[in-house]
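Here the structure comes first, spelled out in structure tokens, and everything after it is commentary.
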Amino acid sequence: MNAAVKQGTAATAVFGKPDERELRDRMKQELPADTFKAQTWRVIWFLPLQAVIWAGLAVILMAGLPWYANLGLGLLVGHTIGCQALLAHEVLHGALGMSRRWQNFFGWLGFGPLLVPPEFWRKWHNVVHHANTNTGDTDPDSFGTLRRYKTNPGQKKFHKLAPGSGTWYSYLFLTYSFTFHAQLVLWIQARHRKQFKGFNRKQAIAQVFVCLALWAALALVSGPLAVFTVLIPFMTANALGQGYILTNHFLRPQTPTNNPLDNSMSLRCNPILDRLHFRFSHHIEHHFFPKMGHNMAPRVRKWLEENEPERYMAMPHSKALKMLYTTPRVYKSPTELVDPNDESRVFDLLPLQAQFSAANRSQVQGVER
Numbered sequence: 004m005n006a007a008v009k010q011g012t013a014a015t016a017v018f019g020k021p022d023e024r025e026l027r028d029r030m031k032q033e034l035p036a037d038t039f040k041a042q043t044w045r046v047i048w049f050l051p052l053q054a055v056i057w058a059g060l061a062v063i064l065m066a067g068l069p070w071y072a073n074l075g076l077g078l079l080v081g082h083t084i085g086c087q088a089l090l091a092h093e094v095l096h097g098a099l100g101m102s103r104r105w106q107n108f109f110g111w112l113g114f115g116p117l118l119v120p121p122e123f124w125r126k127w128h129n130v131v132h133h134a135n136t137n138t139g140d141t142d143p144d145s146f147g148t149l150r151r152y153k154t155n156p157g158q159k160k161f162h163k164l165a166p167g168s169g170t171w172y173s174y175l176f177l178t179y180s181f182t183f184h185a186q187l188v189l190w191i192q193a194r195h196r197k198q199f200k201g202f203n204r205k206q207a208i209a210q211v212f213v214c215l216a217l218w219a220a221l222a223l224v225s226g227p228l229a230v231f232t233v234l235i236p237f238m239t240a241n242a243l244g245q246g247y248i249l250t251n252h253f254l255r256p257q258t259p260t261n262n263p264l265d266n267s268m269s270l271r272c273n274p275i276l277d278r279l280h281f282r283f284s285h286h287i288e289h290h291f292f293p294k295m296g297h298n299m300a301p302r303v304r305k306w307l308e309e310n311e312p313e314r315y316m317a318m319p320h321s322k323a324l325k326m327l328y329t330t331p332r333v334y335k336s337p338t339e340l341v342d343p344n345d346e347s348r349v350f351d352l353l354p355l356q357a358q359f360s361a362a363n364r365s366q367v368q369g370v371e372r
């Protein structure tokens with residue numbers, strides 16, 4: 004696998020090189036020491052985020068605005084809930100420091116509205132996903148290999164929900180799939196997979212029902228306005244998160260090593276949105292340093308672009324979303340995607356490495372100048 008090489012427009016892109024520890028150590032030595040210090044001060048961002056959410060809900064419920072104004076406010080509330088979850092993701096990795104109790108408090112603010120208890124998120128995301136990123140059928144955030152679908156043909160129906168399946172309802176996937184997938188992991192995977200051994204699943208399920216009850220109470224108070232206070236915010240928050248999460252790994256190969264340069268992808272986003280979304284676009288950087296504050300991730304990006312330009316891959320966000328919906332989701336081989344419902348649809352992932360590498364981007368910019 005380490006010998007797999009693909010010639011591209013920028014340079015030869017090496018796939019599966021097991022040097023993640025070496026690269027991590029070099030970055031720690033060469034980047035400023037404060038790059039990796041806890042950024043506790045950033046917890047203050049929860050204040051304006053909470054203010055926008057509660058003020059938006061209050062205006063929808065009490066101001067008697069026309070439907071289109073309520074729609075705008077519902078989208079704003081949902082977007083803010085999504086932003087809050089992105090920040091809570093950093094908190095629960097320890098990037099903002101604090102005690103575990105305080106981390107859980109802010110974790111509830113961020114993930115509670117999406118029906119994901121903080122301790123469950125830690126086990127699912129921090130432990131299982133980060134340790135098994137794009138690894139066979141082990142990563143809980145992957146649609147897995149063709150072997151899984153041949154062993155259990157019933158899963159082919161589930162695949163029709165996914166982006167890239169071509170069904171009309173797959174275009175709704177982003178609007179609910181973070182919460183939906185979380186429940187699949189909690190109710191099914193956490194029950195049967197050894198990676199979740201020792202996790203208090205029953206407690207997490209009870210916590211999910213508490214969160215669901217709070218949404219139900221808001222819907223009851225809202226009456227017909229629940230479309231704007233519950234449905235629109237919930238769908239928008241899911242879509243915001245999934246617009247990043249699904250593009251971070253679904254267009255990358257499965258790898259024999261857990262090297263973020265090979266199994267993860269960063270995105271290039273509008274700089275204003277990138278700041279609003281707490282630089283979640285810097286995902287290769289995050290997988291190298293999960294406990295690093297994302298406000299420091301641009302330093303890591305710059306280092307990787309300068310030192311590993313052929314291997315560092317960052318696709319424009321709009322392009323990544325488009326490709327998510329035009330490529331299959333299941334791995335036929337570590338470097339090929341296939342549609343389990345139509346095995347003639349196969350997509351080779353390796354050419355993307357050269358096309359969207361930092362080296363190729365530099366060459367294109369040089370020609371444009």
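The sequence shown lines up with residues 4 to 372 when you count with the working numbering.
A virtual CB, placed ideally from N, CA and C, is assigned to each residue, including glycine.
Just so it is clear, the structure is predicted and the values come from calculations on it, not from any experiment.
DSSP three-state assignment for residue i, whether helix, strand or coil
{"i": "Gln10", "result": "Legend: pLDDT at Gln10 = 36, less than 50; position of this residue unreliable, no value from coordinates given."}
{"i": "Asp277", "result": "helix"}
{"i": "Lys335", "result": "strand"}
{"i": "Gly19", "result": "coil"}
{"i": "Glu101", "result": "Reading off the sequence, residue 101 comes out as Met, not Glu. Residue state, collapsed to three classes: coil."}
{"i": "Asp37", "result": "helix"}
{"i": "Asp144", "result": "coil"}
{"i": "Ser168", "result": "coil"}
{"i": "Pro116", "result": "helix"}
{"i": "Ala362", "result": "helix"}
{"i": "Phe350", "result": "strand"}
{"i": "Pro263", "result": "helix"}
{"i": "Leu223", "result": "helix"}
{"i": "Ser284", "result": "coil"}
{"i": "Arg271", "result": "strand"}
{"i": "Ala317", "result": "strand"}
{"i": "Leu74", "result": "helix"}
{"i": "Leu340", "result": "strand"}
{"i": "Gly369", "result": "Low confidence applies to Gly369: its pLDDT is 47, below 50, so where it sits in the model is not reliable, and the reading given next is rough at best. It is helical."}
{"i": "Met4", "result": "Below a pLDDT of 50, predicted positions are generally treated as unreliable, and Met4, at 38, falls in that range; no measurement from the model is reported."}
Beta-carbon gap between residue i and residue j smaller than 7 Å
{"i": "Leu118", "j": "Val211", "result": "yes"}
{"i": "Asn241", "j": "Thr178", "result": "yes"}
{"i": "Thr239", "j": "Leu76", "result": "no"}
{"i": "His132", "j": "Asp144", "result": "yes"}
{"i": "Thr260", "j": "Pro21", "result": "yes"}
{"i": "Leu340", "j": "Thr329", "result": "no"}
{"i": "Gly296", "j": "Gln42", "result": "yes"}
{"i": "Ala193", "j": "Pro120", "result": "no"}
{"i": "Pro263", "j": "Phe291", "result": "yes"}
{"i": "Val213", "j": "Ala222", "result": "no"}
{"i": "Thr148", "j": "Asp142", "result": "no"}
{"i": "Phe109", "j": "Val94", "result": "yes"}
{"i": "Arg271", "j": "Ala317", "result": "yes"}
{"i": "Ser267", "j": "His285", "result": "no"}
{"i": "Pro293", "j": "His96", "result": "yes"}
{"i": "Tyr247", "j": "Phe283", "result": "yes"}
Spatial neighbours of residue i in its chain, beta-carbon cut-off 8 Å, leaving aside the 5 residues before and after
{"i": "Asn203", "result": "Glu122"}
{"i": "Val152", "result": "According to the sequence shown, residue 152 is Tyr rather than Val. Within the same chain, Tyr152 has close Cβ partners Gln158, Lys159, His162, Val333, Pro343."}
{"i": "Val55", "result": "Leu79, Val80, Thr83"}
{"i": "Gly244", "result": "Gly85, Ala88, Leu89, Leu117, Phe181"}
{"i": "Leu68", "result": "Val62, Leu76"}
Own chain, CB closer than 6 Å to residue i, minus 5 neighbours either side, in chain order
{"i": "Asn107", "result": "Pro121"}
{"i": "Ala14", "result": "Only weak support is given to the placement of Ala14: the predicted model assigns it a pLDDT of 35, under 50, and the value that follows is read from those uncertain coordinates. Cβ neighbours of Ala14 beyond the five flanking positions: Glu313, Ala362."}
{"i": "Thr338", "result": "Pro256, Leu352, Leu353"}
{"i": "Glu23", "result": "Asn262"}
{"i": "Tyr172", "result": "none"}
{"i": "Thr38", "result": "Met299, Arg302"}
{"i": "Arg364", "result": "none"}
{"i": "Asp140", "result": "Gly147, Thr148, Arg151"}
{"i": "Ala185", "result": "Val119"}
{"i": "Gln198", "result": "Val131"}
Rounded distance between the beta-carbons of residue j and residue i, thought under 8 Å
{"i": "Leu249", "j": "Pro301", "result": "At roughly 23 Å, the Cβ-Cβ gap does not stay under 8 Å, so Leu249 and Pro301 are not in contact."}
{"i": "Leu74", "j": "Ile235", "result": "7 Å"}
{"i": "Leu327", "j": "Phe253", "result": "6 Å"}
{"i": "Leu64", "j": "Leu228", "result": "6 Å"}
{"i": "Phe114", "j": "Trp124", "result": "6 Å"}
{"i": "Trp306", "j": "Leu34", "result": "6 Å"}
Spatial neighbours of residue i in its chain, beta-carbon cut-off 7 Å, leaving aside the 5 residues before and after
{"i": "Arg196", "result": "none"}
{"i": "Val188", "result": "Trp127, Pro143"}
{"i": "Lys335", "result": "Leu149, Val341, Val349"}
Are at least three pairs of beta-carbons, each pair with one atom in the stretch 43-58 and one in the stretch 82-93, less than 8 Å apart? yes
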